[in-house]
Amino acid sequence: MIIRQARHDDWKGIAQVHVDCMHSAYQEFLPSDVLDKFTYANREKRWEKDLPKAIGKGTMTFVVENKQGEIVGFALGGTMRDPRLRISYIGELYGIYVHPDFQGQGFGKKLLETVAQHLASLDLPSMALWTFKGHPSCSFFESLGGEKVYDKKTTIAGKELKEYAYGWDDLKSFSVAAEGLN
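Here the sequence shown stands for residues 1 to 182, numbered as in full-length UniProt numbering.
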């Protein structure tokens, strides 16, 4: 496993992981018309445009590669965007995705640790994120020490959902080996 900072030319691999994860992990949560918009062409176009902004100025995207050098996951983080959480959590994990074929192998844990280390290096001592209530990611975040700190209702395409915020008060508690980070 190699975890490294994303490069400008990683947009296609990131888009493929993003689409496959959305279709696999969010069918029970998001309306089909929302998921139908997550196509390879759509996400490739968006990531090609947005990736340069997501790898600089405090925001950072990391990718994980398998042994064949293929991108099988990514995570991005930066400063907290949500004013409700900003009082206690200065950093935010904006998103973390590991391709369904590669979940359960430690890639997600290493990506989360890498984002936490990056945020700590920017003097952002704490981090939070949002996920849907009942989503399998809840147990993942809890297993890594995340605590439910806030909840809210949100409506997506007419469907009301509940979201949980998970937070970590001390990012120094994450130890990330420097091996494999480029």
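Just so it is clear, CB atoms sit at the ideal spot from N, CA and C, and this is done for glycine as well. Just so it is clear, the structure is predicted and the values come from calculations on it, not from any experiment.
Residue(s) in a DSSP beta bridge with E147: The sequence position of residue 147 within the sequence shown is 147, counting from 1. Per DSSP, the beta-bridge partners of E147 are G167.
I need the DSSP call for T114, collapsed to helix, strand or coil. Stepping through the sequence shown from its first residue, residue 114 is reached at position 114. Three-state result, T114: helix.
Can you confirm whether the stretch 109 to 126 touches the stretch 41 to 54 when touching is taken to mean that 3 or more C-beta pairs between the two stretches lie within less than 8 Å? No: the two stretches stay apart, fewer than three of their Cβ pairs being nearer than 8 Å.
Assigned secondary structure, A177 (DSSP; H/G/I helix, E/B strand, else coil): One-based indexing of the sequence shown puts residue 177 at position 177. Low per-residue confidence applies at A177: pLDDT is 40, beneath 50, and the placement is therefore not dependable, though the value from the model is reported in the following sentence. In the three-state reduction of the DSSP assignment, A177 falls in the coil class, being assigned neither a helical nor a strand state.
Whole-Å CB distance - A75 paired with W130, under 8 Å assumed: Within the sequence shown, numbered from 1, the residue matching residue 75 stands at position 75. Within the sequence shown, numbered from 1, the residue matching residue 130 stands at position 130. A75 to W130, Cβ: 14 Å. No contact.
Report the rounded CA-to-CA distance for G145 versus W168, giving the unit in angstroms. By one-based count along the sequence shown, residue 145 stands at place 145. By one-based count along the sequence shown, residue 168 stands at place 168. CA-to-CA, the gap between G145 and W168 works out to about 7 Å.
So what does DSSP say about A54, is it helix, strand or coil? Position 54 of the sequence shown holds residue 54. Secondary structure of A54 (DSSP, three-state): helix.
Status (buried if at least 16 other CB within 10 Å, exposed otherwise) for H118: Counting from 1 along the sequence shown, the entry for residue 118 is found at position 118. With 16 or more other Cβ atoms within 10 Å, it is buried.
Nearest-angstrom Cα distance between K172 and F107? Mapped onto the sequence shown, residue 172 falls at position 172. Mapped onto the sequence shown, residue 107 falls at position 107. Approximately 20 Å between the Cα atoms of the pair.
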